[in-house]
Amino acid sequence: MPSQKNQALPNSETKALKIRKKGSLTQDWVGNLFSFPALFVMVAMVVYPLIYGIVISFYNTNLINRFEFVGLRYYGRLLTDMTFYKSILLTVWFTVVTVAGRAVLALLFSSILVKDNMPCKKLFRSILVLPWFFPDVVIGIVWKWLFNTNYGLFNFILQSLHIIDQPIEWLSNPSTAMWAVIVASIWKGFPFMMVMLMAALQTVPKDLYEAAELDGCNSFKQFQHVTFPGIMPVFSTTMMLEIMWCFKHFTMIWNLTKGGPVDATRVVSIDIYKTGFEYMRFGESSTRAVIVFVIIIAFTLLQKFLQRKKD
Amino acid sequence: MKKTVLIALAVLLSSAMLFAGGQTETASSSNAPQKLTVLTTAITQNPEGPLFEEYVAEFKEAHPGVEIELSGIPNNQALQQITTLAAGGSLPDIFVSTENTIGALYDMGITEDLTPYMSDAEMADIVDSVVAGSTIDGKFVMYPWYSGPNAVLYRTDWLEEAGVEPPKTLEEMVEVAQAITGNNRYGFGMIGTNDDSGQTRFVMILRSFGARELYQDEDGNWKTEVGTPESVKAFEYFRDLRTKYNVAPPGALENSFNENVNLMAAEQIGMLISGSNSIGKIFTQNPDLQGKLGSVEMPVGVTTFTPVSILGWSLNPESKNKDLAVEFMKFISDKDRQIRWVETTGRMPVSKDALANSDYINTPLFEGYVAASDAMQPAPQASFYPEIKTELGRTYQLLITNPNLDVEKAVKDCQAAIERIIANNK
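Chains as they are written, first to last, in our numbering: chain A, -2 to 308; chain B, 69 to 494.
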């Protein structure tokens, strides 16, 4: 068929097409060559570690001199490992509450900060994004001190105000440790969402608010029918990112509790780290990581599917 | 022309990416300085860091033309870092090793046997329990630098004030702790974290009650005595220190070694099961405590147990400067430097000569540590031992946070978990 088409074309056009094709082929080749460095970096930094991680999940290995093929043994063992299921549930709990907390704070502060009549807007904006600038390790240490039973600021304030007689063991008590970690994580992470939502809020046309006001919408209705649909694309993407980050979050939890007490904060990332780097069972650790990878991929696909369906 | 330039540029860029940083030192001129790469925990610590750097400077002065490249790593991350470096083929010539990590490092085949580098006299000068703890399968795979035997460090003035003697048994330890508790002071500094610091101290109590967390039977099979009545007593004892006698400060489950050292320096706790290195840290923070601390060997239950605690160096079998590396280890660990080391850091010498000739050590302050350094016993050399210790940690934390929990049931659950770990590693 293509040859028939070419035959139908005048000679000059056929020649031009050939030249264009030849040119584009050469240009593609050169273009591909230029993309090789980026491709090389991506393969070396992303694809190779990913495949290597999957491969070693089938091995009993110390990564140096022992590579014993065990097939699906670790996957089978994981199926009956209740501690792994518990750590997955804990991770889901941590993720849901942390992301929800960040979303509420981010919505609240971004709504306030985009108001035209807000005084010292730049100052507040700068202060509120500060937690995002500090490394997780620093934030972890600061919050560990704040929560410390014996000389922490929170207990000092509560005792000074005679609200409590005995210090609260925030990080030593399994029922408060996870909440302490969640509070610190919300505080650390909400500025990113806030900045994204502020940008989104500024794109919502003002005349829509005027129209809504004329239609008799109060502030809540305006938020429900104008603001939220307006920021929805950014909001959902940010939520997706936050969920993925929180699901594999490690640093803050490790710095505050190292997964304790009594495994109360042993989320899946802590479980993977301990299995690999404390027990030196890299194969089993990779098995856990592969499962988490699959969960995150499944979640991403689901989100994309729902988004497409909605569009 | 334009096309040719474009292709040439693309090839150049790709080649640059491929070969950037990939060049290795293929040859060095004979005048090039010898270089030793050293991975150490010392430079991340105080007061150890400055003194260690002084030693390194002395070595460089004594060996002109030798370059030393130091990298620091906290002790609790050393194994992870060394494993990563070894897997990436970037292991330094010398790297830190301890009694906890040496089994795994040996298993990876990254520890040179140092026996051929040692004379009989040099071997004979090292404390026997330390030699045993540094040797695997007859190979001397860790050059010991200092030891950290655990003993009970106590406030002499508080005990005198309360009219009690340093504890010799575990029962006495509770009584002494009760006698000195009060007025915002606590008798016992509990390391209740589920990390190596907390787990090791609990193992000392467990074994003192007569139960071994892991051992090999005559056929070489791994077994546990967790689940026996002795082990139940040990868990009850540890729990009661916090929940029944209230001799340990609140927040015990978040207080690891450093937090307890801080509490002792802040004069909030009167006794601590600890290595002698805590002495240096406490005096650095609170010099007023000099003359107010003493040490006593780990109190007896039905027996007593002090695990081997050594920090030393291992030599990379791939090192191109093995002789120089061993010379460095020996230089850092000679008698005079070991004596200066203990005087500054409180960390115990491993040389018999240094132990005998240090005026600083032969005082009541080090009495318990000197006795303990001779009595150190090796911990089980099983690759899954850290996991077993984590199970113990989980159980004592569970009991402390739920004082009304059935201890026997919790200990039986712990036993089942340990047996599962053993079975998985057969």
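Beta carbons: idealized from backbone N, C-alpha and C, even for Gly.
Whose C-alpha, out of the options, is nearest the C-alpha of residue i?
| i | options | result |
| --- | --- | --- |
| Asp204 of chain A | A:Thr224, A:Ala181, A:Val27 | A:Thr224 |
| Leu159 of chain B | B:Ile150, B:Ser165, B:Glu167 | B:Ile150 |
| Ser108 of chain A | A:Thr80, A:Gln199, A:Val259 | A:Gln199 |
| Lys312 of chain B | B:Ser187, B:Met176, B:Ala245, B:Trp226 | B:Ala245 |
| Ala334 of chain B | B:Gly319, B:Thr352, B:Asn345, B:Leu321 | B:Thr352 |
| Thr146 of chain A | A:Val126, A:Met191, A:Pro164, A:Leu102 | A:Pro164 |
| Ser441 of chain B | B:Met416, B:Ala279, B:Lys207, B:Tyr464 | B:Met416 |
| Leu238 of chain A | A:Pro258, A:Gly186, A:Val287 | A:Gly186 |
| Asn330 of chain B | B:Ile259, B:Asp264, B:Thr166, B:Asn289 | B:Ile259 |
| Ala196 of chain A | A:Met229, A:Thr173, A:Ala208, A:Arg305 | A:Met229 |
| Leu104 of chain A | A:Thr88, A:Met190, A:Phe91, A:Met42 | A:Met190 |
| Met241 of chain B | B:Asp188, B:Asn289, B:Asp391, B:Ser363 | B:Ser363 |
| Thr463 of chain B | B:Pro235, B:Leu274, B:Ala155 | B:Leu274 |
| Thr315 of chain A | A:Gln221, A:Phe81, A:Thr254, A:Thr234 | Missing from the structure shown is residue 315 of chain A; chain A here goes from -2 to 308 and no further. |
| Thr80 of chain A | A:Lys307, A:Arg285, A:Leu299 | A:Arg285 |
| Ser382 of chain B | B:Glu327, B:Glu180, B:Asn328 | B:Glu180 |
| Ser182 of chain A | A:Lys306, A:Gly98, A:Asp78 | A:Gly98 |
| Gln145 of chain B | B:Tyr453, B:Glu190, B:Val164, B:Leu423 | B:Val164 |
| Phe373 of chain B | B:Met186, B:Gln465, B:Ala219 | B:Ala219 |
Tell me whether the beta-carbon of residue i lies closer than 9 angstroms to the beta-carbon of residue j.
| i | j | result |
| --- | --- | --- |
| Phe399 of chain B | Ala316 of chain B | no |
| Ile141 of chain B | Leu104 of chain B | no |
| Leu460 of chain B | Gln284 of chain B | no |
| Ser419 of chain B | Ile111 of chain B | no |
| Asp260 of chain A | Ser84 of chain A | yes |
| Lys112 of chain A | Asn252 of chain A | no |
| Ser202 of chain B | Met210 of chain B | yes |
| Glu322 of chain B | Glu166 of chain A | yes |
| Asn493 of chain B | Ala450 of chain B | yes |
| Ser123 of chain A | Pro318 of chain B | no |
| Asp175 of chain B | Asn57 of chain A | no |
| Ile240 of chain A | Phe302 of chain A | no |
| Phe279 of chain A | Ile53 of chain A | yes |
| Ile250 of chain A | Phe91 of chain A | yes |
| Glu281 of chain B | Ile468 of chain B | no |
| Asn262 of chain B | Pro258 of chain A | yes |
| Tyr148 of chain A | Glu281 of chain A | no |
| Asp264 of chain B | Pro432 of chain B | no |
| Leu143 of chain A | Leu125 of chain A | no |
| Gly348 of chain B | Thr413 of chain B | yes |
| Val264 of chain A | Ile51 of chain A | no |
| Pro101 of chain B | Val134 of chain B | yes |
Using a C-beta to C-beta distance shorter than 7 angstroms, which residues of chain B count as neighbours of residue i?
| i | result |
| --- | --- |
| Leu60 of chain A | Thr151, Ala155 |
| Thr146 of chain A | Pro318, Gly319, Glu322 |
Could you name the residues of chain B that residue i contacts, counting a contact when the two beta carbons are closer than 8 angstroms?
| i | result |
| --- | --- |
| Met175 of chain A | The premise fails here: Met175 of chain A is roughly 13 angstroms from chain B at the closest Cβ pair, so nothing lies under 8 angstroms. |
Run through chain A and tell me which residues come within less than 9 angstroms of residue i, C-beta to C-beta.
| i | result |
| --- | --- |
| Ser451 of chain B | Asn59, Tyr276, Met277, Arg278 |
Please compile the residues from chain A whose C-beta is within a distance smaller than 8 angstroms of the C-beta of residue i.
| i | result |
| --- | --- |
| Asp205 of chain B | None at all; the shortest Cβ gap to chain A is about 15 angstroms. |
| Asp263 of chain B | Lys255 |
Using a Cβ-based criterion (distance less than 8 angstroms to any ligand heavy atom), does residue i qualify as near the ligand HEM?
| i | result |
| --- | --- |
| Glu229 of chain B | This structure lacks the ligand HEM, and indeed carries no ligand of any kind. |
Output, in chain order, the set of chain A residues within a Cβ distance shorter than 7 angstroms of residue i.
| i | result |
| --- | --- |
| Pro454 of chain B | Glu275, Tyr276 |
| Gln148 of chain B | Phe274 |
Does the stretch 102 to 121 of chain B come close enough to the stretch 403 to 418 of chain B that 3 or more CB-CB pairs lie under 8 angstroms? When Cβ pairs closer than 8 angstroms are counted between the two stretches, the stretch 403 to 418 of chain B is seen to touch the stretch 102 to 121 of chain B, the count reaching three or more.
Between the stretch 461 to 477 of chain B and the stretch 303 to 313 of chain B, do three or more beta carbon pairs fall short of 8 angstroms? Taking a contact to require three or more Cβ pairs closer than 8 angstroms, the stretch 461 to 477 of chain B and the stretch 303 to 313 of chain B qualify as touching.
Short of 7 angstroms Cβ to Cβ, which residues in the stretch 382 to 400 of chain B face chain A? Per Cβ criterion, the list is empty.
Between the stretch 149 to 173 of chain A and chain B, which residues of the former have a C-beta closer than 8 angstroms to a C-beta of the latter? Only Gln163, Pro164, Glu166, Leu168, Ser169, Asn170, Pro171 from the stretch 149 to 173 of chain A bring a Cβ to less than 8 angstroms from some Cβ of chain B.
Which residues, in chain order, does the stretch 252 to 275 of chain A contribute to contact with chain B at a C-beta distance below 7 angstroms? Within the stretch 252 to 275 of chain A, Lys255, Gly257, Pro258, Val259, Asp260, Phe274, Glu275 place their CB atoms closer than 7 angstroms to a CB of chain B, listed in sequence order.
Given a limit of 7 angstroms on CB to CB distance, which residues of the stretch 460 to 472 of chain B reach chain A? From the stretch 460 to 472 of chain B, only Arg462, Gln465, Leu466, Thr469 have a Cβ closer than 7 angstroms to chain A.
Mind checking the stretch 276 to 291 of chain A against chain B and listing, in chain order, the residues whose C-beta falls within less than 7 angstroms of any C-beta there? Residues of the stretch 276 to 291 of chain A with a C-beta atom less than 7 angstroms from some C-beta of chain B are Tyr276, Met277, listed in chain order.
Pairing CB atoms from the stretch 122 to 131 of chain B with CB atoms from the stretch 28 to 47 of chain A, are three or more of them under 8 angstroms? No, the stretch 122 to 131 of chain B is not in contact with the stretch 28 to 47 of chain A.
For the stretch 241 to 261 of chain B, list every residue whose C-beta sits within 9 angstroms of some C-beta in chain A, in sequence order. Listed in sequence order: Gly260, Thr261.
Short-range partners of chain A found in the stretch 172 to 184 of chain B, where Cβ spacing is below 8 angstroms: Under the 8 angstroms Cβ criterion, the stretch 172 to 184 of chain B contributes Ala172, Asp175, Met176, Gly177, Ile178.
Identify each residue in the stretch 411 to 441 of chain B for which the Cβ-Cβ distance to at least one residue of chain A is less than 8 angstroms, and report them in chain order. Cβ proximity to chain A below 8 angstroms picks out nothing from the stretch 411 to 441 of chain B.
Do three or more CB pairs link the stretch 166 to 174 of chain B to the stretch 374 to 386 of chain B at distances below 8 angstroms? At 8 angstroms Cβ cutoff, the stretches touch.
Just checking, does the stretch 234 to 252 of chain B make contact with the stretch 282 to 300 of chain B on the three C-beta pairs under 8 angstroms criterion? Touching, no, given that fewer than three Cβ pairs across the two stretches are closer than 8 angstroms.
Report yes or no: do the stretch 215 to 224 of chain B and the stretch 336 to 344 of chain B share at least 3 C-beta pairs separated by less than 8 angstroms? Touching, yes, given that three or more Cβ pairs across the two stretches are closer than 8 angstroms.
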